[in-house]
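The structure under discussion appears below in the form of structure tokens.
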Amino acid sequence: MIGENLKYLRQKNKLSQQALSDALEIPRTTLGDYEREKTEPNISMLLRMADFFDIKVDELINSNLSFGKYEILKNQMMKVLAITVDEEDHGNIELVDTKAEAGYLDSYQNPEYIKDLPRIRIPHMKGGHYRAFEIQGDSMLPIESGSIIIASYVEQLDNIKDDKTYIVISKREGVVYKRVRIDHEHKQLMLISDNDIYLPYEIEFEEIDEIWEYYAHLGFSDIRHSINEKVESQISDI
5 MIGENLKYLR QKNKLSQQAL SDALEIPRTT LGDYEREKTE PNISMLLRMA DFFDIKVDEL
65 INSNLSFGKY EILKNQMMKV LAITVDEEDH GNIELVDTKA EAGYLDSYQN PEYIKDLPRI
125 RIPHMKGGHY RAFEIQGDSM LPIESGSIII ASYVEQLDNI KDDKTYIVIS KREGVVYKRV
185 RIDHEHKQLM LISDNDIYLP YEIEFEEIDE IWEYYAHLGF SDIRHSINEK VESQISDI
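Numbering-wise, this note's numbering puts 140 at position 136 of the sequence shown, and it's gapless, one number per residue.
Below is the structure:
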């Protein structure tokens with residue numbers, strides 16, 4: 005991991021091996037061995053590298069920097085999150101209903117806009133930043149149209165887990181709730197509906213404004229009654 009990260013950071017900053025080895029005051033062959041992971045830098049050298057690239061040592065060692073928060077995206081995705089807090093300094097859960105979707109796409113980073121959104125309270129929520137989104141359509145049945153998805157903010161792309169469900173915010177697609185698979189090679193997400201009549205599709209990393217991971221949802225219909233209605237409707241269509 006260290007070697008891959010070091011090579012990525014060097015290339016990202018358009019440095020030759022000689023230029024970086026000169027800056028770190030080591031032989032070029034030593035730098036080459038680090039990048040090929042034939043040898044590992046000691047803690048003193050790790051600190052020097054982290055200081056040079058202005059990152060944390062832990063990130064250099066444990067994160068894949070080529071597709072995490074250091075992936076440069078057009079809109080600085082996942083860098084700034086506008087939030088509001090209550091009287092006890094706990095984060096509010098702002099609600100983005102379907103009527104507010106267009107405004108949210110334009111103003112999601114504006115604290116003045118966020119503070120005017122309606123809020124909901126749910127007891128015993130664990131730490132993190134949460135937001136609630138109303139969804140429309142039948143692409144994620146049995147979660148029905150009109151349900152509210154409560155989701156936690158995803159800070160880095162490499163925090164995404166394949167086949168989990170997320171709210172994905174983008175100018176092209178708006179606010180969508182989908183099952184997600186990440187494709188690091190092509191720098192895109194595959195968005196998959198639980199309803200098989202809808203085909204999967206891709207969205208590029210650089211198109212994404214925000215991602216929120218499913219935590220819970222609120223539904224407002226009698227599921228059994230709703231299913232019975234659908235069955236009766238299908239029978240009547242035969």
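The C-beta atom is built at its ideal place from N, Cα and C for all residues, glycine as well.
Identity of the residues DSSP links to residue i by a beta bridge
i, result
"residue 182", "170"
"residue 28", "DSSP, once it has assigned bridges, lists no residue as partnering residue 28."
"residue 187", "192"
"residue 123", "98"
"residue 137", "100 and 153"
"residue 205", "195"
"residue 220", "154"
"residue 65", "Answer is none; residue 65 lacks a bridge partner."
"residue 118", "Bridge partners of residue 118: none, in fact."
"residue 210", "Answer by DSSP bridge pairing: none, since residue 210 is not bridged."
Burial state of residue i, where buried means 16 or more other Cβ atoms lie within 10 Å
i, result
"residue 243", "What the structure shows of the chain is the stretch from 5 to 242, and residue 243 is not part of that stretch, so it cannot be assessed."
"residue 180", "buried"
"residue 76", "Low confidence applies here, because residue 76 scores a pLDDT of 34, under 50, leaving its location unreliable and the question unanswered by this model."
"residue 83", "Unreliable positioning characterises residue 83 in this predicted model, as indicated by a pLDDT of 49, which lies under 50. A coordinate reading is not provided."
"residue 201", "exposed"
"residue 53", "buried"
"residue 69", "buried"
"residue 9", "buried"
"residue 61", "exposed"
"residue 217", "buried"
"residue 203", "exposed"
CB of residue i within 8 angstroms of CB of residue j, strictly
i, j, result
"residue 39", "residue 11", "yes"
"residue 158", "residue 168", "no"
"residue 35", "residue 21", "yes"
"residue 171", "residue 192", "no"
"residue 118", "residue 97", "no"
"residue 87", "residue 5", "no"
"residue 196", "residue 164", "no"
Practice prompt. Could you tell me whether the region 146-153 touches the region 209-226, using the rule of 3 or more Cβ pairs below 8 angstroms?
Written response: Contact between the region 146-153 and the region 209-226 is present, with at least three C-beta pairs closer than 8 angstroms.
Item to complete: Determine contact between the region 128-138 and the region 95-109, defined as no fewer than three beta-carbon pairs at a distance below 8 angstroms.
Response: Touching, yes, given that three or more Cβ pairs across the two stretches are closer than 8 angstroms.
Fill in: Meets three-Cβ-pair contact criterion under 8 angstroms: the region 202-215 and the region 115-132
By the Cβ criterion, the region 202-215 is not in contact with the region 115-132, since fewer than three pairs of Cβ atoms, one from each stretch, lie closer than 8 angstroms.
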